[in-house]
Amino acid sequence: MPTFFEKKQLVTPGELLAEGDYQPGENTYMEENRIYAQRIGLVDAENKRVNVVALRAFYVPKVGDIVIGTVIEVGFNGWTVDIKAPYTAMLRASDVLSRPFKPQNDELSQVLNAGDLIVAKIASYDRAHDPQLTVGEPGLGKITRGQIMRVTPTKVPRVIGRKGSMISNIKQETGCQIILGVNGVILVTGKNTADEELAMMAIRKIEEESHTSGLTDRITQLLKEEKSKMEENKT
Amino acid sequence: MNDKPEKLIDKKGVRLDGRKADELRPVKVQVGVLPNADGSAYIEHGKNKILVGVFGPREVHPKHLSMSDRMVIKCRYHMAPFSVQERKSPAPSRREVELSKVIRESLEPSVFVDLYPRTGIDVFIEVLQADGGTRCAAITAASLAIADAGIPLRDLVVACAAGKIDDTVVLDLYDAEDKLGMADVPVAYMPNLNAVTLLQMDGVLAPEEFETALNMAVEGCKKIYLVQKEALRTKYMTTVVKEEAEE
Amino acid sequence: MSTVLTRVKQKQIAQLIDAGKRLDGRGLTDHREFTIEEGLIERAEGSARIRLGKTDVLVGVKIETGEPFPDTPNDGVLTVNAELVPLASPNFEPGPPDENSIELARIVDRGIRESKAVDTEKLCIEPGKKVFVVFVDVYILNHDGNLIDAAALAAVSALINAKMPNYEIEDGEVKIKTGYSPLPLKSHPITVTMAKINDKLIVDPWIEEEQVMDARISIAINDEGNICAIQKGGAGFFSPQKILEASKLAQEKAVELRKKLGW
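Chains as they are written, first to last, in this note's numbering: chain A, 1 to 235; chain B, 236 to 482; chain C, 483 to 745.
Right, here's the structure in full:
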């Protein structure tokens with residue numbers, strides 16, 4: 001029952017990973033009794049399940065995901081939203097307006113217009129239908145301040161860190177509010193631009209060095225250093 | 236009239252560009268070269284210089300071309316006017332239309348089209364300089380670009396041609412050999428699945444010669460596959476290398 | 483409006499093929515019955531119509547005079563065009579040639595050109611100045627599968643049937659005389675298309691088999707039994723072994739057809 005890789009080896013699509021009594025996990029597929037990689041990534045096996053952590057993948061919506069998107073079109077009864085996924089998402093007017101929706105009276109573009117950014121949750125999604133969004137929960141809705149940045153969706157868990165340790169550190173050191181869209185779009189809101197930029201720099205560094213160890217400590221260290229530099233420049 | 240060389244391959248088995256019968260031209264590939272594309276690759280195969288950009292999966296426009304149960308693959312093979320000896324008109328020629336189709340059909344078997352219904356991927360191939368075997372080099376680069384876009388694949392697709400010059404079956408014909416030779420057999424191949432996804436032939440070959448050419452092209456593909464894998468590793472390994480240097 | 487095969491029918495076809503049979507009772511390597519009618523379009527210099535099962539293809543050959551290509555001053559010109567006329571299928575739409583009609587024309591062209599079916603040197607009237615230009619126009623009248631083989635067979639039949647005008651050169655001018663001579667032909671290539679279904683090769687696929695197949699391969703064979711053109715089509719693949727199997731099968735079928743046609 002052989003595997004053909006070493007732990008965390010970089011594999012490419014089509015590479016044979018294992019043969020025999022194994023299960024195909026993330027980013028792998030099975031043909032007869034052989035398991036192959038589907039994407040470029042780092043391979044590992046856990047309890048006979050072969051997984052590839054993709055280094056390159058696009059976001060695929062899942063119900064419950066918090067995403068940040070851009071309104072691209074105002075329609076008759078809702079808005080079309082770009083959530084940086086293969087499918088555009090829909091936000092229905094009825095979801096946003098707390099009262100029943102009257103097409104003649106309500107001008108949807110006054111509520112949300114093309115170009116507006118929103119934080120939303122994936123309410124429903126399946127193979128046959130485009131994802132439907134909802135903003136009917138606290139913390140969701142139109143974005144009015146802050147800066148937007150994008151990371152590869154596969155790196156978002158790394159930005160969060162184990163039990164949220166990484167992201168809490170960044171928030172603490174920079175005093176910024178950070179909303180991480182599962183779709184790789186991130187909103188950073190701070191007291192001033194310098195703080196926001198510091199947080200964004202840290203996140204970019206995490207994306208670049210995501211598969212190294214000791215990252216959390218290095219980032220915290222870096223933030224402390226930069227922060228004190230900023231204090232010095234002020235005086 | 237150009238003076239045609241007397242022989243394309245001499246008695247010692249050396250071709251006009253110095254290669255032996257079963258030798259490939261040098262191949263270099265880079266992945267992730269176009270910032271605006273979802274995936275991209277650039278290849279230099281001999282004197283061929285080809286750039287590929289991939290967009291998707293994304294919604295299909297026009298909508299009536301989308302399919303409810305699978306992904307649509309669109310492919311455009313196009314040659315720049317300055318890519319060939321005599322300037323080529325930018326309008327798509329019949330050859331470019333046929334090549335766009337066969338290249339698409341060579342890449343499609345590698346893509347898991349059932350995973351993302353109602354979407355499409357666009358593969359744009361621009362031949363910047365041509366010297367024989369452009370469709371093969373284009374396929375090699377296009378497959379990398381699709382992988383670079385994070386699209387799940389069964390295997391990479393790699394391509395190489397074989398043919399016949401002066402009664403000798405040879406690997407990887409360049410333009411002069413293709414024009415003056417007796418046969419050209421482009422082949423695209425998925426190495427881990429032992430699957431041929433593009434096969435064409437023009438010229439005249441005895442059945443045994445065709446078998447030799449096919450096998451030779453497949454072996455050529457396997458060699459270029461190593462270059463493909465290396466290109467992907469180079470692009471995605473840089474951070475790990477950096478870390479090791481720091482320690 | 484596309485005609486989609488029901489899943490039931492798809493399964494039926496695949497199951498039969500596993501058992502070595504086809505829906506119309508043919509063996510896996512049998513062609514459909516076909517007839518070729520020659521010379522039915524008098525206005526054309528040559529013509530032929532094939533009915534391969536219900537696939538109906540008409541080819542017309544027009545011969546005109548013109549200039550040769552600069553890099554082949556002693557050769558006549560041959561050009562092949564194909565039209566998937568809308569009345570031939572609910573899926574064909576009017577308009578400029580799409581990728582299917584262009585591919586079809588180029589495959590037929592390749593078989594004829596590479597086998598040197600037309601002796602283009604004999605089409606030279608005045609080297610570098612005037613040659614005969616042979617237009618082969620493939621017209622699909624009804625699509626019931628395997629347009630490639632039908633078109634290729636009809637095209638060669640039309641070329642066999644074609645006649646070019648007699649001429650003489652008088653005071654540096656080309657003068658057309660009375661009478662005609664047959665087009666000088668050196669070879670009569672035969673194209674065999676095989677579809678792959680459930681890893682089996684089936685010859686002369688009918689339209690519903692084409693909708694179920696995962697790929698096809700067309701191989702053109704010249705009079706000497708050598709291969710002069712190959713084209714793989716469809717979004718599937720072949721193993722190298724399967725390709726060599728197809729090559730062998732194509733050679734056998736070409737011999738059979740050559741006998742039947744008397745080429």
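Where is the CB? At the ideal position from N, CA and C, for every residue including glycine.
Scanning its chain for C-beta atoms nearer than 8 angstroms, with the 5 sequence neighbours on each side dropped, one finds around Val182 (chain A) the residues Tyr59, Lys62, Asp65, Ile66, Val67, Pro153 and Val156, in chain order.
Fully contained in the region 155-207 of chain A are the following alpha helix (DSSP H) runs of length 4 or more, in chain order: 156-160 and 165-174. In the three-state reduction of the DSSP assignment, His299 (chain B) falls in the helix class, which pools H, G and I. A Cβ-Cβ distance of about 5 angstroms is found for the pair Leu140 (chain A) and Val119 (chain A), placing them in contact under the 8 angstroms criterion. Here Lys668 (chain C) is near Ser597 (chain C), since their CB atoms are less than 9 angstroms apart. In the DSSP assignment, Met676 (chain C) falls within the unbroken beta strand (DSSP E) covering Ile672 to Ile679.
Only residues of its own chain outside the window of five on either side were considered, and among them Met90, Leu91, Arg92 and Ala93 have a CB closer than 6 angstroms to the CB of Gly78 (chain A), listed in chain order.
When the Cα atoms are used, Ser700 (chain C) and Arg592 (chain C) turn out to be separated by approximately 11 angstroms. Residue pairing by DSSP places Met30 (chain A) opposite A:Ile35 in a beta bridge. If you draw a straight line from the Cα of Arg39 (chain A) to the Cα of Val264 (chain B), it comes to about 18 angstroms.
Sequence-distant partners of Val453 (chain B) (beyond 5 residues in either direction) whose C-beta falls short of 7 angstroms from its own C-beta, in its chain, are Val422 and Tyr424.
The C-beta of Asn51 (chain A) comes no closer than 9 angstroms to any C-beta of chain B. Look at Met302 (chain B): its C-beta is not under 9 angstroms from any C-beta on chain A. For the 9 angstroms CB-CB criterion, Val151 (chain A) and Ala114 (chain A) do not form a contact. For Met425 (chain B), the enclosing beta strand (DSSP E) covers residues Ala418 to Met425. For Asn283 (chain B), the uninterrupted beta strand (DSSP E) run begins and ends at Asn283 to Glu294, by DSSP. In this structure, DSSP gives Phe359 (chain B) an extended state, which the three-state scheme calls strand.
At least one CB atom of chain B sits nearer than 9 angstroms to the CB of Ala717 (chain C).
Look at Asn429 (chain B): its C-beta is under 9 angstroms from a C-beta on chain C. Collapsing the DSSP output to three states places Ala394 (chain B) in a strand. Here DSSP, grouped into helix, strand and coil, assigns Gln23 (chain A) to strand.
Shown here, Asp82 (chain A) sits in a strand according to DSSP, grouped into three states. For Phe720 (chain C), the neighbours in chain B by C-beta distance under 8 angstroms run, in chain order, Ala430, Val431 and Leu434. The three-state secondary structure of Phe76 (chain A), taken from DSSP, is coil. The closest CA to that of Lys323 (chain B), considering only B:Leu363, B:Gly385, B:Lys336 and B:Glu241, is found on B:Leu363. Within chain B, the residues placing a beta-carbon under 8 angstroms from that of Ile725 (chain C) are Val431, Leu434 and Leu449, ordered along the chain. In this structure, Phe617 (chain C) lies away from Ile523 (chain C), with their beta-carbon atoms at least 9 angstroms apart. The alpha-carbon of Ser345 (chain B) is positioned some 5 angstroms away from that of Leu388 (chain B).
The residue among C:Glu690, C:Gln713 and C:Ile679 with its C-alpha nearest the C-alpha of Ala501 (chain C) is C:Ile679. Taking a beta-carbon distance threshold of 9 angstroms, Asp437 (chain B) counts as an interface residue toward chain C. Straight-line spacing of the CA atoms in Ile308 (chain B) and Asp44 (chain A) works out to 31 angstroms.
The beta carbon of Ser335 (chain B) sits closer than 9 angstroms to some beta carbon of chain C.
Contact check between the region 285-300 of chain B and the region 352-372 of chain B: three or more CB pairs, one atom from each, fall below 8 angstroms, which counts as touching. One thing to note: Thr369 (chain B) has its Cβ within 9 angstroms of the Cβ of Met314 (chain B). Listed as beta-bridge partners of Tyr312 (chain B) by DSSP are B:Ile360. Contacts with chain C at 9 angstroms (Cβ-Cβ) do not include Arg353 (chain B).
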